[in-house]
Each structure stands twice: as C-alpha cells, then as structure tokens.
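Have a look at the structure below, then the notes.
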Amino acid sequence: MLLAAGRTARTARLGLEHLDISTDAHRQIVTDPRIRTTNPSVWAAGDVTAHPRFTHVAGVHASIAARNAVLGLNLKISPVVPRVTYTSPELAAVGATHPPGTHAMVRTIHHTHVDRAVTDNTTDGFTRLIADQRGHILGATIVGPRAGESLAEVVLAMEHRLRTSDIAAATYPYPTYSDGVWNAAIADVRARLRASAAAACCCCAGGGPTWTPG
Ligand SMILES: Cc1cc2nc3c(=O)[nH]c(=O)nc-3n(C[C@H](O)[C@H](O)[C@H](O)COP(=O)(O)OP(=O)(O)OC[C@H]3O[C@@H](n4cnc5c(N)ncnc54)[C@H](O)[C@@H]3O)c2cc1C
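Oh and the sequence shown: position 19 is 84 in the numbering used here, straight run, nothing missing.
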C-alpha cells in the first residue's frame, strides 16, 4: 500500500501575521463560511485552509472566493462534500455514513440486486442511503465499480434538499449501477408509506393485528 498522507500547509513564512490573517493550530488559514480570512480584504481556498483536501473542494472554494472578492457577493461554501477512494472496488461517500439520530433511516441495496452488477459479475458492493423521516437525504455510501459516478446524483440531491421520493419518481436507464441509488430511494419511499399506513390503521393502533398493505 502506498499511503500519501500527512500533508501540512506551509504558511509559516508567508508573513500572514503582518496582514492579520489568522491560522489555526495546524497552520491552516482560518476562513469563515464565505471563505473570507480574518483580514476582510483577503479570501483563501484550497489545501491551505482547514477544509477537506480535495481538488474539487479547492476548485469550488476558489470560485466562491473569487466571486465574493471581485463581485462583492456573499456566497457560502456548501457542507456537501463528496469523497471517493479509487480502490477496487471503488468507495464513494457523501454526508452521513451512519444514522445521526434514532429517526434517520438506512436503506441498503446490495449489488446482488443491481442487474448491471449481476451482468458484469461485480456484485461485491452495495449502495446505502441515509434519509431523515421526511425522506431528505442525509448521506450516501456506494461501494462498487464507478461508485463516484453514481454518487454524483446524490450530491446534487443533497445540495437541493431533494427527497428519496424525488429520486424514486425519476426514470433511470437500465441496467446501470445508478439503479442502486434508485432502488434504495424506492425502498425508503415504500417503507415510509408502509409505516404511515400502519399508523393510520385503527386496529393496529390499539395493539390489534398488524395490517401489511400490498
Ligand atoms: C498523492 C495525492 C493524491 C491526491 N489525489 C486526489 C484525488 O484523487 N482527488 C482529489 O480530489 N484530490 C486529491 N489530492 C488532493 C489534491 O491534490 C489537493 O486537494 C489539491 O491539489 C489542492 O489544490 P490547491 O490549489 O489548494 O493546492 P495545490 O494543488 O497544492 O497548489 C498549490 C500551488 O501553490 C504553489 N506554492 C506553494 N507555496 C507557494 C509560495 N510560497 N509561493 C508561490 N506558490 C506557492 C505550489 O507549488 C502549488 O503549485 C491528492 C493529493 C495527493 C498528495
């Protein structure tokens, strides 16, 4: 295994202290949610800050910093940051990897149930969505071929506060690895429908026999 870790920001000799630009205990430049440093005329982006060290984060943050600095906008950085490990199988995740509270739902589709994985004979993987009680997506983990590609739509869904029902209502091409995301969303919608039907059933409310729709 080649492990390339332990990178640190080399800010020690930049003279930041003369510009009132603060750094943290790891010498990373401190920024606010608008990517502004403690000097209001200076913005910072990329590995030199305390944000996750990814090319996509550096790029998006640099764009926000430039627009805030030059156009005087007040754009904030997004907390939705995808991460992909390019191993075999590929591992991709965004947001929560475990339910953050007792009310969050975990829906996992093993790739033995994803027909593209079956036809490719690469069923060693899974797609997992974590959603809140209303179906808003809190996080996703995908393990399998091109997991990063399948994750992109979950990133968009999280950015726009879409629900599992929005994903479930879309038409997905078949057979694709993205079927894992679609089926996990459908599983969430079905489970919540079942739960609300059970709650509405008068004989279940009194501890009577459980009614299972469909
Ligand atoms: C081995 C490895 C693999 C990686 N793989 C991935 C990956 O698969 N996906 C991913 O998203 N990210 C990956 N990363 C992280 C990614 O490379 C960084 O997050 C990204 O490059 C940060 O961009 P940046 O512009 O902030 O910094 P950099 O890309 O490091 O650019 C900083 C530039 O500033 C220059 N510089 C430094 N000091 C000074 C100075 N005093 N004066 C002038 N210029 C200076 C440097 O020479 C450099 O050119 C990887 C990193 C490593 C080390």
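Even glycine gets a Cβ: it sits at the ideal position worked out from N, Cα and C.
Residue 88 - DSSP class collapsed to helix/strand/coil: As a first step, residue 88 is located in the sequence shown; it is residue number 23 there, counting from the start. Strand at residue 88.
C-alpha gap between residue 246 and residue 117, whole angstroms: Residue 246 sits at position 181 when you count from the first residue of the sequence shown. Residue 117 sits at position 52 when you count from the first residue of the sequence shown. Straight-line Cα distance between these residues: approximately 25 Å.
Any heavy atom of ligand 3 within less than 5 Å of residue CB: hits in chain order: For ligand 3, the structure offers nothing, since it holds only ligand 1.
Reduced DSSP category for residue 181 - H, G, I as helix; E, B as strand; rest coil: If you number the sequence shown from 1, residue 181 lands on position 116. In this structure, residue 181 counts as helix in the three-state DSSP scheme.
Residue 92 beta carbon less than 7 Å from that of residue 76: Working through the sequence shown from its first residue, we reach residue 76 at position 11. Working through the sequence shown from its first residue, we reach residue 92 at position 27. Yes.
Residue range of the beta strand (DSSP E) that includes residue 203: Within the sequence shown, the letter at position 138 stands for residue 203. Note, residue 203: beta strand (DSSP E), 202-208.
Alpha-carbon to alpha-carbon, residue 149 and residue 213: Locating residue 213 in the sequence shown gives position 148, where the first residue counts as 1. Locating residue 149 in the sequence shown gives position 84, where the first residue counts as 1. Approximately 6 Å, taken between the alpha carbons.
Residue 105 versus 133, 114 and 78, residue with shortest Cα-Cα distance: In the sequence shown, residue 105 corresponds to position 40, counting from 1. Of the candidates 133, 114 and 78, the one whose C-alpha sits nearest the C-alpha of residue 105 is 133.
Inter-residue spacing [alpha-carbon to alpha-carbon] between residue 110 and residue 262: Taking the sequence shown and counting its residues from 1, one reaches residue 110 at position 45. Taking the sequence shown and counting its residues from 1, one reaches residue 262 at position 197. Rounded to whole angstroms, residue 110 to residue 262 spans 49 Å at the Cα level.
Cβ contact check for the stretch 171-183 and the stretch 237-256: 3 or more pairs under 8 Å: yes
Residue from 137, 253, 128 and 264 with nearest C-alpha to residue 200: Residue mapping note: residue 200 aligns to position 135 of the sequence shown, counting from 1. The residue with the shortest Cα to Cα distance from residue 200 is 253.
Local Cβ density within 10 Å of residue 183, reported as buried at 16 or more and exposed below that: What you label residue 183 is simply residue 118 of the sequence shown in a count that begins at 1. Classification for residue 183: exposed.
Backbone CA spacing between residue 278 and residue 260 [nearest angstrom]: Taking the first residue of the sequence shown as 1, we reach residue 278 at position 213. Taking the first residue of the sequence shown as 1, we reach residue 260 at position 195. Because the pLDDT at residue 278 is just 41, under 50, the model does not fix this residue reliably, and the value given afterwards should be weighed accordingly. Roughly 10 Å separates the two Cα atoms.
Three-pair Cβ contact test at 8 Å for the stretch 203-210 versus the stretch 161-175: yes
Buried versus exposed call for residue 128 [16 or more other C-beta atoms within 10 Å across all chains shown]: For this step, residue 128 is matched to residue 63 along the sequence shown. When all chains shown are included, residue 128 counts as exposed.
Pick from 240, 67, 192 and 99 that is closest to residue 173, judged by C-alpha positions: Working through the sequence shown from its first residue, we reach residue 173 at position 108. The shortest Cα separation from residue 173 among 240, 67, 192 and 99 belongs to 192.
Cross-strand partners of residue 108 (DSSP beta bridge): For the purposes of this step, residue 108 is taken as residue 43 along the sequence shown, with counting starting at 1. Looking at the DSSP assignment, residue 108 forms a beta bridge with 101.
C-beta atoms of residue 249 and residue 194 nearer than 7 Å: Counted from its first residue, the sequence shown places residue 249 at position 184. Counted from its first residue, the sequence shown places residue 194 at position 129. In this structure, residue 194 lies closer than 7 Å to residue 249 by Cβ.
Nonlocal neighbours in the same chain, by C-beta distance under 7 Å from residue 108, ignoring five residues either side: Position 43 of the sequence shown, counting from 1, holds the residue named residue 108. Only 100, 101, 102, 130, 133 and 134 meet the Cβ criterion.
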